[in-house]
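Working notes, structure below.
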Amino acid sequence: MEKVVVSIGGSILVPGNNDSEFILKLSEMLRSICDKVQIAVVCGGGKTARYYAETGRALGGNTYELDILGIGATRLNAQLLSLAMGDMPDKVPETTKELAESSAPGKVVIMGGTVPGHTTDAVATMVAKDMGADRIVNATSVDAVYTDDPRTNKDAERISRMTIRELKDIVYSEHGASKSSVFDPLGVKIAMEEKIDILVVDGRDVDELRNAILGNEINGTFIDSH
Ligand code: UTP
């Protein structure tokens, strides 16, 4: 059975717009396919993480402390999705090994961040490595990778397929790559070494997300690591 890790941005999970309705739809979709592919989900922090980081920064918090606040937000979101899946733990798994070990067919395992210094995209690639996953699905707020930022350049073109080397060139050429980056550079490095494909899809589109997880045709970008 194929194994898939889904990195779901906090901006997808809790944008503050009918969140319970979306999370319910998402959880029903995951439940409906988890006996076809083995699924692990890593949740991002979104607005909640940004709120704590900004407030913590104003209070004099250092990078390490702000990361700890961010990780707290990702774990809160992981608990929210777990609640929708009908199995909310008091504490979500805190290491990628723990999550990979608890993964099994017919079961969706969920976590947030791990330790300071990276984002949940990187965590997703670490889980993928530990699980021996076939692909990572990045459920994000952009619907694909573009040749330029589509918000500022109307001529930016959607890329349907690219190599992981090309993605590496993009993420490493971005100055101070962080929030706007397509994928965490550390995650790209691990996916490249481990030869794990990355699919970038519109996470709010549950059908598109389902297709990406199942390995069907997608509208987003397929990043080939082979
Ligand atoms: P996210 O993964 O949500 O980061 O973690 P992000 O860049 O905001 O991603 P999107 O926009 O939701 O996709 C939120 C913050 O939590 C800390 C980092 O500070 C990160 O920016 N974090 C998260 C860690 O330090 N370690 C982790 O393992 C995860």
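Take 897 as the starting number for the sequence shown in the numbering used here and just add one per residue.
C-beta atoms are modelled at their ideal positions from N, C-alpha and C, and glycine is treated no differently.
In this structure, the alpha-carbon of Gly1002 lies about 40 Å from that of Ser1069.
Taking 8 Å as the cut-off, the beta carbon of Lys943 is found closer than this to the beta carbon of Gly906. The set of residues with any CB-heavy atom separation to the ligand UTP below 7 Å comprises, in chain order, Gly905, Gly906, Ser907, Gly940, Gly941, Gly942, Ala945, Arg946, Ala949, Leu962, Asp963, Gly966, Ile967, Ala969, Thr970, Gly1008, Gly1009, Thr1010, Val1011, Pro1012, Gly1013, His1014, Thr1015, Thr1016, Asp1017, Ala1018, Val1019, Thr1036, Ser1074 and Lys1075. Cα atoms of Asp983 and Arg971: separation of roughly 14 Å, rounded to the nearest angstrom. Distance between Asp1101 and Asn1107, taken at the CA atoms: about 10 Å. Burial is judged here by how many other beta carbons sit within 10 angstroms of a residue's own beta carbon; Glu1104 has at least 16 and is buried. Rounded to the nearest whole angstrom, the C-alpha separation of Lys987 and Val902 is 20 Å.
Per DSSP, Leu1082 is one residue of the alpha helix (DSSP H) stretching across Pro1081 to Glu1090. Asn1049 counts as exposed, since fewer than 16 other C-beta atoms from the protein chains shown sit within 10 angstroms of its C-beta. 8 Å or more divides the Cβ of Ala954 from the Cβ of Val1023. In this structure, the CA atom of Gly957 is about 27 Å from the CA atom of Ile908.
Between the stretch 1087-1099 and the stretch 1032-1039 there are three or more C-beta pairs closer than 8 Å, enough to call the two in contact. By the C-beta density criterion, Lys899 is buried, having at least 16 other C-beta atoms within 10 angstroms. When secondary structure is reduced to three states using DSSP, Met897 falls in the coil class, being assigned neither helix nor strand.
According to DSSP, residue pairing for Leu1095 in a beta bridge involves Val1033 and Phe1118. In the DSSP assignment, Arg1057 falls within the unbroken beta strand (DSSP E) covering Arg1057 to Thr1059.
In the structure shown, Val938 adopts extended strand secondary structure according to DSSP, grouped into three states.
One thing to note: Arg1057 has its Cβ no nearer than 8 Å to the Cβ of Thr959. Assignment of Val1102 by DSSP, reduced to helix, strand and coil, places it in the helix class.
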